[in-house]
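In my numbering, the protein residues as written are 686 to 1376.
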Ligand code: C2E
Ligand code: CA
Ligand code: CA
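Written as structure tokens, this is what we have:
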């Protein structure tokens, strides 16, 4: 740090006094010590001569008094006068002696401070009001590679970096105008003797009022090492260690800076937020080192596709952001977004293997008053919309996304409350044997009667519960409730199975297998009567760890179904890889039967393939007798849909089971008795069905 001791300041002042002397003299000497030594030499003879003179005067006076006293008594007054003169002379001699002593001490101190200035590693410069250098200490050679002499007469600002000059000027002007209390401090880049810029720190002290200095004294030191260290630290703080891209905080800073400096008339700033779609799977399958390599490749691809002035940042994990500064047209920005997407979709070669991960992109454009944080949030909302809309796409932010986000937040709070207020219930949609028309099972479906909004569809509830993690406690309740209910029907003699939907988050949450086992146990339900349905999309993205969970679930005796089959990647090859027992063909195929030939033949192919793989095939969403007939012809044995029954309240299921259920002894008769042995009201009143 800068030394601002009195010693230093005195050294400057003393040194400056030599400069003043040199100015008066004919020649400048770069060595101030020389002049000072001369002054000291001039004072010495005086010190010796004066006591001699005074001694002589006193001696003469004493002799005069003695003579006068002897010869003329009236001369006494003269003697007194001479005595006073002698006393004065003595005092003068003593004063002169003191001065000589002080002078010598001062000279010694001058010497001391001068050597400090000379030996100081800081460069000490004196300049006048106009910034013209009048003295420069020898340290300038070591620090900047200049000879002190060549500095004299140059303007300080000529050596300072153009970008820093204005600030330096402002600060020195403040000092000169008396605005700062005698000292200012600044940092600037100074050009050294080889033309390189050196980071420096200076303290300027106003010594213009000091007659021996008459100027501004600058104490300057090289802070390159410190600046380099600070630079490295700042880089670390603002960049991502893996990809070396700016991080979220630097991205936000740049965005803020850019938006602050823009007028409303200028074209908008574009922010793209990019998120890899299946990065986790790479991490899982090939390890974290491979995942890191992939992220680095990804960063390079993004950088390559944007202009030099644009910013690419890594926000976190597998999320990146791009700031486009000079894309005049929205269409241009969208082109960039599409190109990014295409580039990220291309396979990555990592550790000898190819990985395809894909990406989703959210785009937001700044308005006249958009803040940096708002713009980033907008782009992230658009990204979320892209993910929800099926990934691998670009979505542009629209204000509706904000309203949607607010609605979701409210819904989340409502779900939390509804869980403890027991507002949820279940309906059961029967699954039938298409040949006999008997009910062989039910699928539990969530229902929510919201006190204000009325019935809220599961397609609204489930995604919000998923995102917030609430699906884990909610899913546990669904499983418990459904198992309890179906176990009761089974105890009443109905041979039915239960299907429960399982979401991705539930699957990845810890403790799933244990939780399922304990629910089955306490409900008294055989594991073989339970099928867990997982949508095709979730299964395709499944990581190895989750796959092993599926295996454990099957080991419990639980069956697994692929739900909504045909809506995901429609690749049949992975069917062999997955530990599943049931394949549920999505309603979109069934509704096309007899209408769209390609859907009809695809349905037929899926049924055949499923059977070849030993899977039970269930057709979903059968609404027409013709669809049922066609499915039967294709060899599909099981189905569900409005043709047979909509999802039903538990009481209605009992009625249907009594009509079209299978009991342990065969088809249910109308004399079957179902007793609801639960204390809980849910499942309705005690149901007794008699003939
Ligand atoms: P899903 O698992 O495919 O459930 C079948 C959906 O199709 C149900 O919609 C059902 O009412 C409807 N459906 C059944 N037959 C027909 C038909 O013939 N025609 C038409 N148009 N629709 C039919 P719902 O109950 O609205 O559930 C929608 C989705 O919400 C479910 O699709 C499932 O993915 C999810 N879901 C429902 N309940 C739960 C749950 O308890 N847990 C989880 N994780 N997801 C659930
Ligand atoms: Ca389902
Ligand atoms: Ca389904």
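The beta-carbon is built from N, C-alpha and C at its ideal position, and this holds for glycine as well.
No Cβ-Cβ contact shorter than 8 angstroms links residue 1287 with residue 1308.
Boundaries of the alpha helix (DSSP H) around residue 986: 973-990. Ranked by Cα distance from residue 1161, the options 1235, 1188, 804 and 998 are led by 1188. Of all alpha-carbon atoms in 1080, 975 and 813, the one lying nearest the alpha-carbon of residue 890 is that of 813. Counting only runs of at least 3 residues, the segment 1185-1270 fully encloses the following beta strand (DSSP E) elements, listed from N- to C-terminal order: 1215-1220, 1244-1250 and 1267-1270. For residue 1080, the Cβ stays outside the 7 angstroms cut-off from all heavy atoms of ligand 3. Taking non-hydrogen atoms of ligand 2 into account, the C-beta of residue 1222 is found less than 7 angstroms away from none of them. Less than 8 angstroms divides the Cβ of residue 1311 from the Cβ of residue 1279. Put simply, the segment 1175-1183 does not touch the segment 1146-1161. Fewer than three CB pairs are less than 8 angstroms apart. Relative to residue 1007, the option among 1015, 1014, 1013 and 992 whose CA is nearest is 992. Annotation for residue 1308 indicates a beta carbon at 7 angstroms or more from all heavy atoms of ligand 3. Between ligand 2 and residue 1012, a heavy atom-to-CB distance of less than 7 angstroms is absent.
Taking residue 1320 as the centre and dropping the five residues before and after it, the same chain places the C-beta of 1292 closer than 6 angstroms to its C-beta, in chain order. Partner residues in the beta bridge of residue 906, as assigned by DSSP, are 886.
Take residue 1097, set aside five residues on each side of it, and the residues of its chain with a beta-carbon closer than 6 angstroms to its own are 1149 and 1153, in chain order. Taking 7 angstroms as the cut-off, the C-beta of residue 1271 counts as close to a heavy atom of ligand 3. The nearest non-hydrogen atom of ligand 3 is less than 7 angstroms from the C-beta of residue 1248.
DSSP, reduced to helix, strand and coil, places residue 830 outside both helices and strands of the structure shown, so it counts as coil. Assignment of beta-bridge partners to residue 1179 by DSSP yields 1348. Here DSSP, grouped into helix, strand and coil, assigns residue 1303 to strand.
With a cut-off of 7 angstroms, the C-beta of residue 1331 is classified as distant from ligand 3, since no heavy atom of the ligand falls inside that distance. One alpha carbon belongs to residue 817, the other to residue 843, and they sit about 10 angstroms apart. Going by DSSP, residue 1112 is part of the beta strand (DSSP E) stretching over 1109-1118. Pairwise C-beta distances place the segment 893-900 out of contact with the segment 908-916, as fewer than three of them are shorter than 8 angstroms.
Short note on residue 1144: C-beta closer than 7 angstroms to some heavy atom of ligand 1.
Distance from the CA atom of residue 1230 to the CA atom of residue 969, rounded to whole angstroms, is 8 angstroms.
Burial check for residue 1140: the Cβ neighbour count within 10 Å stays below 16, so the residue is exposed.
Excluding the 5 residues flanking it on each side, residue 1072 has same chain C-beta neighbours closer than 6 angstroms at 1045, in chain order.
Short note on residue 1139: C-beta not closer than 7 angstroms to any heavy atom of ligand 1.
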